[in-house]
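**Q** Residues 7 to 325, numbered by our numbering, are exactly what the sequence shown covers, in order.
Using N, Cα and C, we set each Cβ at its ideal position, and we do this for glycine too.
If you scroll down you'll find the structure; I have some questions about it.
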Amino acid sequence: MLSIVLFCCNFVSAESKPKPASKPAKEKIAVVKTADSAHLKSPETPTEDVMVLFYEQGEKISVWMHGQKGNQSIKKSDALWFEQGFASPAGDGFLYTLVNGSSFYTATKPAKALPLEEALTKSTGTPKGYEWLVTQRRGQFVPMLTTPNGAKVRLKMSKSQPSEPMWLAAKNIPERGAVAPALKLASWSSGPIPTTAKAIKPKKETSLEATWVKDLTKIRGGKVKIVHNISLDLDGDKQAEALICVSGGKGYPCYIADKESELHRYHNLGGITTASATAAAPFELDGKTYIAHQKATKSSTIQQHIRFDGKSYLLETVR
């Protein structure tokens, strides 16, 4: 199972900006010293094409896009680029990362995909409205990106100096379905679901189990078995998704399985175990569908819910 590490957050230097130098014909990497940083506003979500930033740092290539809280590190030689993002190997399947910030596993290779190395030969320099600067901090290089709305994003620190930035354009993905807003802990009393919510009786989906087993066996790198399965419409598209858990192979056991344009997708739920998924409680509130989940710790139980945010299925702690 491919492991992706995210680095975040959005920062702005506490020192005043150095006076910009005149731009040479070829983009250079400026290196300055910087003090501790403070938070600033988030980058705006693009409405048209999305510009995706790549830069090499050591043996891997780092990626930043608007939908992500931070940047990812991937192996350039293994990754594929397509019109909505990139895909990396996961067992004999793929992990898709889309430009809207969502990610999922699938057994299907993206259509019209190019090796990322080939796609980057057609990359452009820093687009208008963006500013790229590399700072030094505690002996490490820190790439800093300023977006068109003035947000400053501090990217992954490394002992290796980053390459010049490379940019590719991808198609924006509009939100879809019925967005279920995050709920407050005050909505709960002592029961498993919010006080004013309507419980949904879980149903089991059997017609797709053979497909799930086939796909997840490829993705997880070992024979799997479906050990839990409840079906419900989480995103309001009149087509049922499913909370499924498996045994066998490698990786976290539970997923939200859905189908989009004939593509079977598996959204991993890293904080859920098979035992806790079995006790999860689907419910409806204000016309939106959720799954209540309780995460047990050594000292307490944490209330969580699974909801659809217009892009993906999120497991969140209720606060």
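Under DSSP, the alpha helix (DSSP H) around Trp194 begins and ends at which residues?
**A** That residue, Trp194, is in no alpha helix (DSSP H); it is neither H nor E in DSSP.
**Q** Just to confirm my understanding: we take Lys229, look at its own chain, exclude 5 residues before and 5 after, and list those with CB closer than 6 Å. What are they?
**A** Here the set comprises Thr223 and Gly254.
**Q** Secondary structure at Glu170, three-state DSSP: helix, strand or coil?
**A** Glu170 falls in the coil class under three-state DSSP.
**Q** Can you look up Arg264 in the DSSP assignment and give me helix, strand or coil?
**A** The amino acid at residue 264 is misidentified as Arg; the sequence shows Asp. The answer is strand: DSSP assigns Asp264 an E or B state.
**Q** Mind checking who Val58 pairs with in its DSSP beta bridge?
**A** DSSP lists Leu174 as partners of Val58.
**Q** Can you tell me whether Gln63 is buried or exposed? The criterion is at least 16 other CB atoms within 10 Å of its CB, across all chains shown.
**A** Answer is buried; the Cβ neighbour count reaches 16.
**Q** For Arg226, which three-state DSSP category applies?
**A** Arg226: helix per DSSP, three-state reduction.
**Q** How long is the line joining the alpha carbons of Ala285 and Trp194, rounded to whole angstroms?
**A** One C-alpha to the other measures close to 16 Å.
**Q** Opposite Tyr296 in the DSSP bridges: which residues?
**A** Answer by DSSP bridge pairing, in chain order: Phe289.
**Q** Can you tell me where the beta strand (DSSP E) holding Leu189 begins and where it ends?
**A** No beta strand (DSSP E) holds Leu189; DSSP gives it neither H nor E.
**Q** Using the Cβ count rule (16 or more neighbours within 10 Å means buried), how would you classify Gln78?
**A** Buried, by the Cβ-count rule.
**Q** Please confirm if the region 237-252 is in contact with the region 261-270, defined as three or more CB-CB distances below 8 Å between the two stretches.
**A** In short, these stretches touch, since the Cβ pair count reaches three.
**Q** According to DSSP, is Val324 part of a helix, a strand, or is it coil?
**A** Coil at Val324, not helix or strand.
**Q** Please identify the residue among Lys118, Ile278, Gly316 and Lys128 whose C-alpha is closest to the C-alpha of Thr303.
**A** Closest by alpha carbon: Ile278.
**Q** Does the region 165-185 come close enough to the region 203-214 to have 3 or more Cβ pairs within less than 8 Å?
**A** Short answer: they don't touch.
**Q** Taking 8 Å as the cut-off, does the region 139-157 touch the region 285-298 (at least 3 CB pairs, one atom from each stretch)?
**A** No, the region 285-298 is not in contact with the region 139-157.
**Q** So if DSSP puts Arg160 in a beta bridge, which residue, or which two residues, is it bridged to?
**A** Answer by DSSP bridge pairing, in chain order: Met150.
**Q** Select from Val233, Tyr61 and Asn106 the residue whose C-alpha is nearest the C-alpha of Gly91.
**A** The shortest Cα separation from Gly91 among Val233, Tyr61 and Asn106 belongs to Asn106.
**Q** Check this for me: beta carbons of Glu181 and Gly293, under 8 Å apart or not?
**A** Not a contact, by the Cβ cut-off of 8 Å.
**Q** By the 10 Å Cβ neighbour count, where 16 or more other Cβ atoms means buried, how is Lys29 classified, buried or exposed?
**A** Annotation note: pLDDT 44 at Lys29 (below 50); position unreliable, coordinate value reported separately. Counting Cβ neighbours within 10 Å, Lys29 comes out exposed, since fewer than 16 surround it.
**Q** Can you grab the Cα-Cα spacing for the pair Lys118 / Leu59, in whole Å?
**A** Rounded to the nearest angstrom, the two C-alpha atoms are 21 Å apart.
**Q** Can you tell me whether Ala41 is buried or exposed? The criterion is at least 16 other CB atoms within 10 Å of its CB, across all chains shown.
**A** At Ala41 the pLDDT is 38, less than 50, meaning the model places this residue with poor confidence; the figure from the coordinates comes in the next sentence. Label assigned to Ala41: exposed.
**Q** Find out if the Cβ-Cβ distance for the pair Asn238, Ile199 is shorter than 8 Å.
**A** A small fix is needed here, since residue 238 is Leu in this sequence, not Asn. For Leu238 and Ile199, no; Cβs fall outside 8 Å.
**Q** For Val105, which of helix, strand or coil comes out of DSSP?
**A** Three-state DSSP puts Val105 in coil, outside helix and strand.
**Q** What's the gap between the Cα of Pro259 and the Cα of Leu275?
**A** Each residue's Cα considered, the two are about 8 Å apart.
**Q** With DSSP collapsed to three states, give me the class of Lys220.
**A** Correct three-state label for Lys220: helix.
**Q** With Val148 and Met163 assumed to form a contact (beta carbons below 8 Å), what rounded beta-carbon distance in angstroms separates them?
**A** That belief holds up - the Cβ atoms of Val148 and Met163 are roughly 5 Å apart, short of 8 Å.
**Q** Do His299 and Ser282 have their C-beta atoms closer together than 8 Å?
**A** Taking 8 Å as the Cβ cut-off, His299 and Ser282 qualify as a contacting pair.
**Q** For Ile236, collect the residues of the same chain with a Cβ closer than 6 Å to its Cβ; drop the 5 residues on either side in sequence, then sort them by chain order.
**A** Hits under 6 Å: Pro208 and Leu249.
**Q** When you compare each of Gln167, Gln146 and Glu137 to Lys158 by their alpha carbons, which one comes out closest?
**A** If we check each option's Cα against that of Lys158, Glu137 comes out closest.
**Q** Suppose you measure from the CA of Lys204 to the CA of Glu290; what does that come to, to the nearest Å?
**A** Whole-angstrom Cα-Cα distance: 5 Å.
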